[in-house]
């Protein structure tokens, strides 16, 4: 069973089994064509690779069947298409363009790493496509999916091996 992220009227939702949660997606919506930095959440079904979390924000790791790892302030993710570590985790400081995984807003307190553009990695076809905590008011992401913290925790506790996140086209 997959987590389906799709349009619902003027907003977005994530559906798993009989559960429906409000969600957010990339600022450019869900589209088939994806390039680095375009704000698109890419159409397709992406395997869940692992869960990252901030141990300083949780008394214990989130309940999940997926490999779960605590992150620290030196964790980053390379988003430079011309770098050999593109779309891979890196350690900071890092000279090429990257995302800091240890954020000061709460969005990456839980990060579900998706297998988008990782088998094989194609430079420029998107990096750091995650499922993470939604911003207040469910503002758009840079291409990820996001859900309220409590809803994300509930999904992780329900998910089974083989669960994927599927972005459904909004056209």
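Residue numbers (my numbering): 735 to 905. The C-beta atom is built at its ideal place from N, Cα and C for all residues, glycine as well.
query	result
Give the secondary structure of residue 800 by DSSP, where H, G and I count as helix, E and B as strand, and everything else as coil.	coil
Would you call residue 825 buried or exposed, if buried means 16 or more other Cβ atoms sit within 10 Å of its Cβ?	exposed
Return yes when the Cβ of residue 775 is within less than 8 angstroms of the Cβ of residue 812, no when it is not.	no
Quick check on this structure: which residue in 831, 879, 866 and 843 has the alpha carbon closest to the alpha carbon of residue 818?	831
Taking the alpha helix (DSSP H) that residue 737 falls in, what are its first and last residues?	First-last for residue 737: 737-742, but that is the beta strand (DSSP E), not the alpha helix (DSSP H).
Distance check for residue 859 and residue 771, CA to CA, integer angstroms please.	9 angstroms
Which residue comes first and which comes last in the alpha helix (DSSP H) that contains residue 885?	883-892
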